[in-house]
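Here is the structure we will look at.
Protein chains: 2
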Amino acid sequence: MQRTNFGEMACSIARTLDVIGEPWSPLILRDVWVGFSRFDQIQADLGISRKVLTERLNHLVDNGVLARTPYDERPRYEYHLTTKGTELIDLLMVMVGWGDRWLAGEAGPPVLYRHRACGEIANVDLRCDHCGEPMHASDVEVLPGPGSVG
Amino acid sequence: MQRTNFGEMACSIARTLDVIGEPWSPLILRDVWVGFSRFDQIQADLGISRKVLTERLNHLVDNGVLARTPYDERPRYEYHLTTKGTELIDLLMVMVGWGDRWLAGEAGPPVLYRHRACGEIANVDLRCDHCGEPMHASDVEVLPGPGSVG
DNA sequence: CAGTTTAAGTTCCCTCAGGGAACCCCAATT
DNA sequence: AATTGGGGTTCCCTGAGGGAACTTAAACTG
């Protein structure tokens, strides 16, 4: 095995990386999210090699993150997010938040998000799904779960 | 340039990937987070090549995500998260949530998180930092920001 | 005091993955 | 008849990852 296979590890981070951890994959998801749904659109927007784009799209479809649907009688296809893929956008929004905060510099964030529920320009914040209070690295204690190896 | 440089793109996702998007980097952060702070500990835990681990640690230190501090008069060092790095753990917690949900299978999640504030086993949930309501992919509208290229 | 251990890398070689460009197929358009 | 467009596939070349051995320097070990 050349490239280490993360999917076998008993770790949800490693398993997630096995699906979207290869170079370009998160950017492909971003493109599909914002409306670039066809091969040539994504290729032109990202400047990615066509070979690698083919590989990544197949991998994402095989893993149920994207769906490939024809839009013509000719062999023409569109890629769109499945439910599983849409939930990955949470991850991208958190990446955006961190990148905006630490890497955007003086120019400010490249894009903004308007939250439809309140109409305001906003960012995501992590909360406990049980009590609703903030939940960050220092607020949690890590314990072995049922799927641990021990 | 062989590997495409994401850091130059006007996209906070791409810029974030430039810091932690290479293979192994998120897993190294996870290890440091849960208490593996020394070179050989991390190497043994992950099974990563020593060469690659050296490269990744240097990259993470250069980007201000990890700090390298001596713990002995001999050349012995520990790596720990900076503030910038600690905020990246948010990203890992969201990855864990998605991996638990979609990839854990029948065995269940490998690790659990106890939220100190409420004492319960919990997961993170994304909320709007303005109004506190849920904020996911379908709840936002994407707009150009001050740092956009146009 | 010679030999071994430990931590933290470094060096080497080998294979495979990514980049880039050209090519392919097939239907529609000019 | 020739060109265009979409969605790939094929080719070669370079460089990144894997794996194992080597290095350095201090500290134990007998």
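Just so you know, the sequences run in chain order Z and B. Each residue of the first sequence is one higher than the one before, counting from 1 in this note's numbering. Each residue of the second sequence is one higher than the one before, counting from 1001 in this note's numbering. By construction, the Cβ of each residue, glycine as well, lies at the ideal position given by its N, Cα and C atoms.
Going along the chain, which residues of its own chain have a beta-carbon closer than 7 Å to the beta-carbon of residue i, five neighbours each way excluded?
{"i": "residue 1032 of chain B", "result": "1066, 1079, 1080 and 1081"}
{"i": "residue 1109 of chain B", "result": "1100"}
{"i": "residue 1093 of chain B", "result": "1124"}
{"i": "residue 1038 of chain B", "result": "1078"}
{"i": "residue 162 of chain Z", "result": "Within the shown structure, residues of chain Z are numbered from 1 to 150, placing residue 162 of chain Z beyond reach of any answer."}
{"i": "residue 14 of chain Z", "result": "6"}
Identify, in the order they occur along the chain, each residue of the same chain with its Cβ nearer than 8 Å to the Cβ of residue i, setting aside the five sequence neighbours on each side.
{"i": "residue 125 of chain Z", "result": "134"}
{"i": "residue 18 of chain Z", "result": "5, 6 and 7"}
{"i": "residue 1045 of chain B", "result": "1031 and 1036"}
{"i": "residue 72 of chain Z", "result": "none"}
Using beta-carbon positions only, say whether residue i and residue j come within less than 8 Å of one another.
{"i": "residue 16 of chain Z", "j": "residue 1098 of chain B", "result": "yes"}
{"i": "residue 132 of chain Z", "j": "residue 1112 of chain B", "result": "no"}
{"i": "residue 85 of chain Z", "j": "residue 27 of chain Z", "result": "no"}
{"i": "residue 1128 of chain B", "j": "residue 136 of chain Z", "result": "no"}
{"i": "residue 1020 of chain B", "j": "residue 1088 of chain B", "result": "yes"}
{"i": "residue 1043 of chain B", "j": "residue 1053 of chain B", "result": "yes"}
Excluding sequence positions up to five away, which residues of its chain have a Cβ less than 6 Å from the Cβ of residue i?
{"i": "residue 1069 of chain B", "result": "1078"}
{"i": "residue 1061 of chain B", "result": "1068"}
{"i": "residue 75 of chain Z", "result": "none"}
{"i": "residue 141 of chain Z", "result": "none"}
In three-state DSSP terms, what is residue i?
{"i": "residue 87 of chain Z", "result": "helix"}
{"i": "residue 1 of chain Z", "result": "With a pLDDT of 40 at residue 1 of chain Z, under the threshold of 50, the predicted position of this residue should be treated as unreliable, and no value is reported."}
{"i": "residue 8 of chain Z", "result": "helix"}
{"i": "residue 1028 of chain B", "result": "helix"}
{"i": "residue 62 of chain Z", "result": "helix"}
{"i": "residue 1125 of chain B", "result": "strand"}
{"i": "residue 1052 of chain B", "result": "helix"}
{"i": "residue 1034 of chain B", "result": "helix"}
{"i": "residue 1019 of chain B", "result": "helix"}
{"i": "residue 1141 of chain B", "result": "strand"}
{"i": "residue 1117 of chain B", "result": "coil"}
{"i": "residue 1111 of chain B", "result": "strand"}
{"i": "residue 1068 of chain B", "result": "strand"}
{"i": "residue 78 of chain Z", "result": "strand"}
{"i": "residue 136 of chain Z", "result": "coil"}
{"i": "residue 1149 of chain B", "result": "coil"}
Between the Cα of residue i and the Cα atoms of the options, which residue gives the shortest distance?
{"i": "residue 1130 of chain B", "options": "Z:118, Z:109 and Z:52", "result": "Z:118"}
{"i": "residue 121 of chain Z", "options": "B:1123, B:1010, B:1073 and B:1139", "result": "B:1139"}
{"i": "residue 143 of chain Z", "options": "B:1051, B:1053 and B:1123", "result": "B:1123"}
{"i": "residue 1059 of chain B", "options": "B:1022, B:1106, B:1014 and B:1009", "result": "B:1022"}
{"i": "residue 63 of chain Z", "options": "Z:48, Z:83, Z:50 and Z:51", "result": "Z:83"}
{"i": "residue 1047 of chain B", "options": "Z:50, Z:105, Z:9 and Z:34", "result": "Z:9"}
So residue i and residue j are supposed to be a Cβ contact under 8 Å. How far apart are they, rounded?
{"i": "residue 148 of chain Z", "j": "residue 1095 of chain B", "result": "17 Å between Cβ atoms; not a contact."}
{"i": "residue 1091 of chain B", "j": "residue 91 of chain Z", "result": "7 Å"}
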